[in-house]
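One structure below.
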Amino acid sequence: MGIIKVENIRVFAYHGCLKEETKIGSDYRVDLEVKADLQPSAKSDHLKDTVDYVLLNRIIKEEMAKPSHLLETVARRILDRIFKEDALVRKATVWVSKLNPPIGGDVEKVTIKMIDRRKTVQD
1 MGIIKVENIR VFAYHGCLKE ETKIGSDYRV DLEVKADLQP SAKSDHLKDT
51 VDYVLLNRII KEEMAKPSHL LETVARRILD RIFKEDALVR KATVWVSKLN
101 PPIGGDVEKV TIKMIDRRKT VQD
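All the letters of the sequence shown, read from the start, carry residue numbers 1 to 123 under full-length UniProt numbering.
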C-alpha cells in the first residue's frame, strides 16, 4: 500500500448557508490523501498502473464548483467520485477548509475532514 497526497488545492467557490456566501463566494483549501497499491506502477513506470493525481485535482475542482450549503456535502461528493472514477483507490481522506469564515471572529479557517474506504464484496 502507498499514499498519494494532493495538498493545498486553492479554489474560489460559493458554499454556505447564508445568502451572502452563495453570492459573493469565498476562498477554500482542499487537501486529499488516497491509499492504493503503488507497487505495480513503481515497477512498470506507467501512469495507467497508478492513481493519476491530475484526475484527483480535476474531481476536486469540479465538485467545489457546485454550490452547497455544507462542506460535508462537498466532501462526500468528492469521495464518491474518486471511488467511482479510480478503481485503484482503496481509502481516501479529504479535508475541505473555508478560509476566513464569516462566523463573528478572527478565525483563519474552518475545516471538515471525511474518510471513506472502498466497499468490498465482504462488506
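Glycine is no exception: its CB is placed at the ideal position from the N, C-alpha and C atoms.
DSSP places LYS109 in the strand class (E or B) of the three-state scheme. A straight-line Cα-Cα distance of about 10 Å links ARG77 and GLU62. Residue burial is scored here from C-beta neighbours: ALA42 has fewer than 16 other C-beta atoms within 10 angstroms and is therefore classed as exposed. DSSP places THR50 in the coil class of the three-state scheme, outside both helix and strand.
Between MET64 and VAL11, the C-beta gap is smaller than 8 Å, which places the two residues in contact. For ARG29, the enclosing beta strand (DSSP E) covers residues 26-36. With respect to the C-alpha of ILE115, the residue from GLY16, ILE60, ASP80 and LYS48 having the closest C-alpha is ASP80. Here SER97 carries a strand assignment [DSSP, helix/strand/coil]. Here ARG118 carries a coil assignment [DSSP, helix/strand/coil].
The bridge partners DSSP lists for VAL89 are ALA36. If the five residues before and after THR22 are omitted, its C-beta is found closer than 8 Å to the C-beta atoms of TYR14, HIS15, GLY16 and PRO67, all from its own chain and listed in chain order. Judged by DSSP in its simplified three-state form, LYS61 adopts helix.
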